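Novice: Just dropping this structure here.
2 protein chains.
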Amino acid sequence: MNTLSYGLLALLARKRSSGYDLMLRIQPFWQAKHSQIYPLLSRMEEQQLLTAEWVKQTDKPDKKIYAITPLGEQRLHEWMQMPASEPVTRDELVLKAFCLWITDKDTALALFRKRSIFYQEQIHYFEQAIHKMPDESHQFGSQDFGLYILRQKALGTARSNMEWTTWVIDMLKNAAPPEVSSEPQHH
Amino acid sequence: MNTLSYGLLALLARKRSSGYDLMLRIQPFWQAKHSQIYPLLSRMEEQQLLTAEWVKQTDKPDKKIYAITPLGEQRLHEWMQMPASEPVTRDELVLKAFCLWITDKDTALALFRKRSIFYQEQIHYFEQAIHKMPDESHQFGSQDFGLYILRQKALGTARSNMEWTTWVIDMLKNAAPPEVSSEPQHH
DNA sequence: GGACCCATGTAAAGGGTTACATGATTTC
DNA sequence: GAAATCATGTAACCCTTTACATGGGTCC
Chain A
0 MNTLSYGLLA
10 LLARKRSSGY
20 DLMLRIQPFW
30 QAKHSQIYPL
40 LSRMEEQQLL
50 TAEWVKQTDK
60 PDKKIYAITP
70 LGEQRLHEWM
80 QMPASEPVTR
90 DELVLKAFCL
100 WITDKDTALA
110 LFRKRSIFYQ
120 EQIHYFEQAI
130 HKMPDESHQF
140 GSQDFGLYIL
150 RQKALGTARS
160 NMEWTTWVID
170 MLKNAAPPEV
180 SSEPQHH
Chain B
0 MNTLSYGLLA
10 LLARKRSSGY
20 DLMLRIQPFW
30 QAKHSQIYPL
40 LSRMEEQQLL
50 TAEWVKQTDK
60 PDKKIYAITP
70 LGEQRLHEWM
80 QMPASEPVTR
90 DELVLKAFCL
100 WITDKDTALA
110 LFRKRSIFYQ
120 EQIHYFEQAI
130 HKMPDESHQF
140 GSQDFGLYIL
150 RQKALGTARS
160 NMEWTTWVID
170 MLKNAAPPEV
180 SSEPQHH
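In structure tokens, the structure reads:
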């Protein structure tokens, strides 16, 4: 049982779903491809943490609906009693920043402008998602309270990072331009 | 050449270092164990991106100092021209939040209080680190500009997340307590 | 005496991505 | 006609962690 497995259990405790649906719901908070999720669900079914049922569809491909078992619920409760391990972030831009000084202003600006667009899209996505949530999800006790606070977290982080890119871009724009030539200009 | 390799190259472009030192410097921004870094450095030496030299020490174990080659510098420049891929974060607390509603207030509070301490420590670490940096590192063109803006980014994110935990903890504390018993109390 | 820091490495196992494989329906 | 969405699965490869292995010096 790895962390992602518990995440899938957590989503299934809320409502029975297909692997495809779980993938879409977990994506904004934990990147995982279908090729990782489908085998995990199978293994969890073998371990009696889940039950599976095929549901026929006419317009779309048939789907396999998973539901959590009492044993799965028990494991979830046990997991919730343990402290959460520390978050891990991997960001290529961070490593590129280490050697910003070897590059020119325009290359640097291109990197941060692209990232700025990414954060802007994140802000938009989470603002919309939060806006659509009913008021009862803002209360502890609601089944959607967790999702609500997670979206607020993601929005806050995206805004903070967006401000950071703006700040960096401004510094880059105001930086002294490099010497055009090593020789002094005569006229 | 994976992303971590470029990160190590980026640090080595700044100054020649041992694998152990690279590990310590990259840790705050990209989690990687020594068991991953040492073999990577060896492979990069084979590929002529780095040169290695043993330096004898009397009080401490001997160390292997790596330096970037012109070929390594060329690869770094090429990498800087490519857009940075999107950041990936994996946070167990996020998955636990999905099923907050199956648990009680105290369990939830314990999770967020622990995380709050983590963010507080991060804020302290990055504040100190920024405070110690010389003023010239605040300018694009300085070799430490990248490190300076990264620490500002990390500080901003940690503060945003700290505020978030405080907000969640307050909501939890103010939440209606659960019924003590399913039977009405007589007196 | 035990724990921690310095310093390097290998091996095994687990986590995650990319590619391969299929196929109907809908949208541009 | 091409691309995207829905839907599931396997196989190969790469990335990352944990564990094994060594050994001197310092601090409590």
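Which chain is which? The protein sequence lines are A and B, in order.
Take the first sequence: its position 16, counting from 1, is numbered 15 in numbering that gives the first Met the number 0, and each next residue is one higher.
Take the second sequence: its position 119, counting from 1, is numbered 118 in numbering that gives the first Met the number 0, and each next residue is one higher.
Yeah, the Cβ is synthetic: ideal placement off N, Cα and C, and Gly gets one too.
These numbers were taken from a predicted model, which means no experiment stands behind them.
#1: Please report the straight-line C-alpha distance between Q56 (chain A) and S16 (chain A), rounded to a whole angstrom.
#2: Give the DSSP-derived three-state secondary structure of F97 (chain B) in the structure shown.
#3: From the DSSP output, in three-state form, read off L49 (chain A) for me.
#4: Could you please give me the residues that DSSP links to Y65 (chain A) through a beta bridge?
#5: Please state the DSSP three-state secondary structure of S84 (chain B).
#6: Is it the case that the Cβ atoms of G71 (chain A) and L39 (chain A) are separated by a distance below 8 Å?
#7: Since F215 (chain A) is in the alpha helix (DSSP H), which residue starts that stretch and which ends it?
#8: Start and end of the alpha helix (DSSP H) containing M170 (chain B)?
#9: Can you give the Cα-Cα distance for K63 (chain B) and L8 (chain B), rounded to whole angstroms?
#10: Count the other CB atoms within 10 Å of the CB of V167 (chain B); is the residue buried (16 or more) or exposed (fewer)?
#11: Compile a chain-ordered list of the residues in the segment 62–94 of chain B whose CB is closer than 8 Å to at least one CB of chain A.
#12: Does the beta carbon of M132 (chain A) sit closer than 8 Å to a beta carbon anywhere in chain B?
#13: Please report the distance separating the alpha-carbon of Y124 (chain B) from that of L23 (chain B).
#14: Counting only beta-carbon atoms, is W114 (chain B) nearer than 8 Å to chain A?
#15: Going by C-alpha distance, which of A:R89, A:Q151, A:A107, A:D169 is nearest G6 (chain B)?
#16: I'd like to know whether the C-beta of W163 (chain A) is nearer than 8 Å to at least one C-beta of chain B.
#17: On the DSSP bridge assignment, give the partners of R89 (chain B) in chain order.
#18: Which residue's Cα is closest to the Cα of Y118 (chain A): A:P176, A:Q35, A:L154, A:D58?
#19: What first and last residue would you give for the alpha helix (DSSP H) that runs through T102 (chain B)?
#20: In chain order, what residues of the same chain lie with their CB nearer than 6 Å to the CB of F111 (chain A), ignoring the 5 residues before and after it?
Specialist: Judging by the given coordinates:
#1: Cα atoms of Q56 (chain A) and S16 (chain A): separation of roughly 14 Å, rounded to the nearest angstrom.
#2: helix
#3: strand
#4: A:S16, A:A51
#5: coil
#6: no
#7: This structure cannot speak to residue 215 (chain A), because chain A is shown only from 0 to 186.
#8: 144–173
#9: 15 Å
#10: buried
#11: So the close ones are E72, L75, H76, W78, M79, Q80, P82, A83, S84, E85, P86, V87, T88, R89, D90, E91, L92, V93, L94.
#12: no
#13: The alpha-carbon separation between Y124 (chain B) and L23 (chain B) amounts to approximately 14 Å.
#14: In the sequence as displayed, the identity of residue 114 (chain B) is Arg instead of Trp. Yes, its Cβ sits closer than 8 Å to a Cβ of chain A.
#15: The option with the nearest alpha carbon to G6 (chain B) is A:R89.
#16: yes
#17: A:V87
#18: A:L154
#19: Careful: T102 (chain B) lies outside any alpha helix (DSSP H) and carries neither H nor E.
#20: Apart from the 5 residues on each side of it in sequence, F111 (chain A) sits with its Cβ closer than 6 Å to the Cβ of T164, V167, I168 in its chain, given in chain order.
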